[in-house]
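Sequential numbering of the sequence shown, starting at 1, is according to the UniProt record's numbering.
Each residue gets a CB set at the ideal place from its N, CA and C atoms; glycine is no exception.
Just so you know, these numbers come straight off a predicted model, no measurement behind them.
Below is one structure, written out as structure tokens; the observations come after it.
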Amino acid sequence: MRKIYLLIIVSCLLVSCNKYLDIKPEDKFTEDNLYSTEAGFTNALNGIYLAMSANSLYGADLTLTTVEVMAQRFNVSGDHRFSNFAGYLYSQSNVSDRFDAIWTSAYKQVLNINKVLEAIDKHKGILSKEKESLVRGECMGLRAMIHFDMLRLFGPVYAIGKSKTSIPYNKTTSAAPQPLLPATGIIAAVLEDLSAAQQYLAADPVITTGVEDFKSDGRNWFRRRNTRFNYFAAKALQARVLLYADDKPAALAAAQDVIANAGKWFPWVKPADINAELINPDRTCSPEILFALYNPDLYKNQRDYFAPALQPEAILAPAPAKLTAVFEGLEGDYRYKSSWILPSVGGKTYRTFVKYDDVLDTKKLFRFLQPMLRISEMYYIAAECTADRDQALQYLNTVRFARGLVNLSATANITTELGKEYKKEFFGEGQLFFYYKRVMTPKLVNGAATGSDVTPNYVVPLPLSETNQRTN
Numbered sequence: 001m002r003k004i005y006l007l008i009i010v011s012c013l014l015v016s017c018n019k020y021l022d023i024k025p026e027d028k029f030t031e032d033n034l035y036s037t038e039a040g041f042t043n044a045l046n047g048i049y050l051a052m053s054a055n056s057l058y059g060a061d062l063t064l065t066t067v068e069v070m071a072q073r074f075n076v077s078g079d080h081r082f083s084n085f086a087g088y089l090y091s092q093s094n095v096s097d098r099f100d101a102i103w104t105s106a107y108k109q110v111l112n113i114n115k116v117l118e119a120i121d122k123h124k125g126i127l128s129k130e131k132e133s134l135v136r137g138e139c140m141g142l143r144a145m146i147h148f149d150m151l152r153l154f155g156p157v158y159a160i161g162k163s164k165t166s167i168p169y170n171k172t173t174s175a176a177p178q179p180l181l182p183a184t185g186i187i188a189a190v191l192e193d194l195s196a197a198q199q200y201l202a203a204d205p206v207i208t209t210g211v212e213d214f215k216s217d218g219r220n221w222f223r224r225r226n227t228r229f230n231y232f233a234a235k236a237l238q239a240r241v242l243l244y245a246d247d248k249p250a251a252l253a254a255a256q257d258v259i260a261n262a263g264k265w266f267p268w269v270k271p272a273d274i275n276a277e278l279i280n281p282d283r284t285c286s287p288e289i290l291f292a293l294y295n296p297d298l299y300k301n302q303r304d305y306f307a308p309a310l311q312p313e314a315i316l317a318p319a320p321a322k323l324t325a326v327f328e329g330l331e332g333d334y335r336y337k338s339s340w341i342l343p344s345v346g347g348k349t350y351r352t353f354v355k356y357d358d359v360l361d362t363k364k365l366f367r368f369l370q371p372m373l374r375i376s377e378m379y380y381i382a383a384e385c386t387a388d389r390d391q392a393l394q395y396l397n398t399v400r401f402a403r404g405l406v407n408l409s410a411t412a413n414i415t416t417e418l419g420k421e422y423k424k425e426f427f428g429e430g431q432l433f434f435y436y437k438r439v440m441t442p443k444l445v446n447g448a449a450t451g452s453d454v455t456p457n458y459v460v461p462l463p464l465s466e467t468n469q470r471t472n
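This is the structure in structure tokens:
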């Protein structure tokens with residue numbers, strides 16, 4: 001009897017093994033299942049956008065907090081939780097861990113982007129040709145953006161170290177380490193992806209109907225194009241990258257293209273919407289945003305980092321005199337009067353940052369929008385790159401007028417005024433540190449209330465999670 005039982009058990013095991021060999025690995029089965037429908041592609045791409053708004057990426061570290069502290073935006077001396085970041089103490093564990101998380105999160109999303117691109121080729125016919133082009137274009141643009149920002153953070157100062165080894169550029173679905181490329185190689189790969197993105201997005205509805213396409217299919221593929229990496233986002237990022245690579249003629253052409261063709265769809269914010277709307281102010285100047293991430297944690301982060309109730313060692317706020325200096329005492333500047341208030345709670349005697357405070361009207365389309373690219377930057381790029389001084393002044397004055405300021409004098413120094421504008425325009429958007437790095441500013445005004453100017457360390461070391469893979 002025992003032998004019979006053994007034979008039965010062995011037979012069952014053999015049958016089970018044969019069936020197991022016919023079953024796809026779970027991750028492969030899940031992936032094929034995911035991309036078997038149009039909704040699967042939608043969910044995959046939306047998941048990437050949502051992950052990009054995580055705090056370890058554009059939700060905080062690359063916009064609100066870490067890179068802003070490194071630009072000496074805030075008074076974080078002494079025992080403040082961000083003091084090591086302001087001091088560029090990259091070997092301190094809290095700092096190295098933060099940059100490790102940024103790096104890991106960034107390349108995880110690159111991998112996810114590459115999987116979507118691979119799935120488009122593998123699952124032909126699931127998407128219409130029109131939607132396939134949009135998805136390809138958005139993915140390639142996002143891949144370019146993430147790699148470019150990793151270069152700006154972890155790469156060398158481009159103007160003097162562009163031939164130095166920098167970071168990998170991953171176009172595969174493999175998590176294995178990719179070759180470290182010189183900074184010039186990364187720029188070339190970024191521009192190649194952006195060129196391809198523009199080709200795939202050549203029929204993007206944003207070009208002909210703007211942000212909202214009310215003839216959409218009801219599934220949001222063609223709506224709220226400012227929350228997707230759209231055609232104008234690709235062109236604007238191209239201008240930003242070309243300027244970083246010091247190709248000013250090409251950067252000028254790209255910026256002028258955006259100004260000429262996107263302006264009617266991305267108008268300057270109405271003064272009444274940012275100033276007179278005391279209950280629901282549009283502090284981010286949302287009509288001007290070419291590309292924004294939808295960040296459901298935006299207002300939580302506002303409370304966690306900028307709320308007046310926070311203790312001095314936790315709140316991110318500038319020293320009063322230094323905030324006044326940034327805005328040159330011009331309290332009529334819309335960017336100042338809308339985003340900086342003297343709070344009535346928390347016992348603070350200085351202004352606190354309220355740019356991302358929530359509004360009462362939950363139907364406002366700008367709620368939860370985290371700016372990534374805005375049209376004002378195109379005017380700055382054009383002003384920096386044109387050889388025509390009068391034209392440069394006109395570009396700067398156009399932005400200043402939109403911010404409630406008078407024109408600059410005819411003798412104004414363009415370079416100096418550009419630096420001032422980057423300080424004012426991009427608070428909480430993460431661009432100032434990268435501006436300083438690009439123009440190689442040797443000394444930064446110390447963000448602390450007292451103390452001498454700071455010598456910045458612009459090159460963040462590659463994290464151990466990356467370097468250890470290359471030595472083991």
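*Determine the burial state of residue 476: buried for a count of at least 16 other Cβ atoms within 10 Å of its Cβ, exposed for fewer.*
Residue 476 lies beyond the range of the chain shown here (1 to 472); nothing can be said about it.
*Residue from Leu373, Thr450, Glu31, Gly404 with nearest C-alpha to threonine 63*: Leu373
*DSSP beta-bridge partners of valine 340*: It should be pointed out that residue 340 corresponds to tryptophan in this sequence rather than to valine. Phe353, per the DSSP bridge assignment.
*asked:* Mapping the DSSP letters down to three states, classify proline 442 as helix, strand or coil.
replied: coil
_For leucine 367, tell me which candidate among Lys423, Leu293, Leu237 has the shortest Cα-Cα distance._
Looking at the sequence shown, residue 367 is not leucine but arginine. Measuring from the Cα of arginine 367, the nearest candidate turns out to be Leu293.
*Below 8 angstroms, can you find three or more Cβ-Cβ pairs linking the segment 34 to 43 to the segment 265 to 285?*
no
*asked:* On the CB-based measure, 16 or more other CB atoms within 10 Å of its CB, does leucine 462 come out buried or exposed?
replied: buried
_For serine 11, three-class secondary structure by DSSP_ = Low confidence applies to serine 11: its pLDDT is 42, below 50, so where it sits in the model is not reliable, and the reading given next is rough at best. Looking at serine 11 - three-state DSSP - the assignment turns out to be helix.
*So, helix, strand or coil for proline 205, using DSSP?*
helix
*What residues match up with proline 281 in a beta bridge as DSSP calls it?*
The partner list for proline 281 (beta bridge, DSSP) is empty, contrary to what the question assumes.
*Are the Cβ atoms of proline 156 and alanine 183 separated by less than 8 angstroms?*
yes
*Take leucine 237 as the anchor and find which of Gly210, Ser105, Ala176, Glu377 has the nearest alpha-carbon.*
Glu377
_To test your reading of the DSSP string, which unbroken alpha helix (DSSP H) runs of 4 or more residues are found completely within the UniProt domain "RagB/SusD" (371 to 443)?_
375 to 385, 389 to 402, 414 to 425, 432 to 439
*For arginine 303, which residues of its own chain have a beta-carbon under 7 angstroms away from its beta-carbon, when the five flanking residues on both sides are left out?*
none
*How is leucine 6 classed by DSSP in three states: helix, strand or coil?*
Confidence at leucine 6 is low in this model, with a pLDDT of 40, below 50, so the placement of that residue should be treated as unreliable; the coordinate-derived value is given next. Three-state DSSP puts leucine 6 in a helix.
_Quick check: what's the CA-CA separation for tyrosine 336 versus lysine 171?_
42 angstroms
*Leaving out five residues before and five after serine 163 in sequence, what residues of the same chain have Cβ atoms less than 8 angstroms from its Cβ?*
Pro182, Ala183, Thr184
*asked:* My output table needs one value for phenylalanine 291: the three-state DSSP class, helix, strand or coil.
replied: strand
*Tell me, please, whether the segment 244 to 252 touches the segment 305 to 323 by the rule of three or more beta-carbon pairs shorter than 8 angstroms.*
no
*asked:* Is the separation between the beta-carbon of alanine 54 and that of serine 105 shorter than 8 angstroms?
replied: yes
*asked:* I'd like the list of long-range same chain contacts for valine 359, defined as Cβ closer than 6 angstroms, with 5 residues on each side in sequence excluded.
replied: Asn280
*Where valine 116 sits in the DSSP three-state scheme*: helix
*Between the beta-carbon of arginine 143 and the beta-carbon of aspartate 79, is there less than 8 angstroms?*
no
_At 3 residues or longer, what runs of the beta strand (DSSP E) sit wholly inside the segment 126 to 181?_
165 to 168
*Would you mind working out which of Leu330, Ile315, Gly329, Ser338 sits nearest glycine 346, comparing C-alpha positions?*
Ile315
*Select from Ile186, Glu130, Lys364, Ala272 the residue whose C-alpha is nearest the C-alpha of alanine 203.*
Glu130
*asked:* Strictly by DSSP, which residues pair up with valine 69?
replied: Paired residues: none, contrary to the question.
_Simplified DSSP assignment, three categories, for residue 474_ = Here the chain covers residues 1 to 472 and nothing more, so residue 474 does not appear.
*Taking the C-alpha atoms as reference points, what is the distance between glutamate 26 and isoleucine 187?*
Confidence is the limiting factor: at glutamate 26 the pLDDT is only 46, short of 50, which leaves the residue's position unreliable and the question unanswerable from this model.
*Backbone secondary structure at leucine 62 - three-state DSSP*: coil
*On the three-state DSSP scale, how would you describe leucine 242?*
helix
_Residues bridged to leucine 369 [DSSP beta-bridge criterion]_ = Tyr294
*Rounded to a whole number of angstroms, what is the C-alpha to C-alpha distance between asparagine 75 and phenylalanine 154?*
24 angstroms
_So, does the segment 450 to 465 touch the segment 111 to 122, judging by three or more C-beta pairs under 8 angstroms?_
no
*Is it right to say phenylalanine 291 is buried, meaning 16 or more other beta carbons lie within 10 angstroms of its own, or is it exposed?*
buried
*Where do the ends of the alpha helix (DSSP H) carrying tyrosine 49 lie?*
38 to 52
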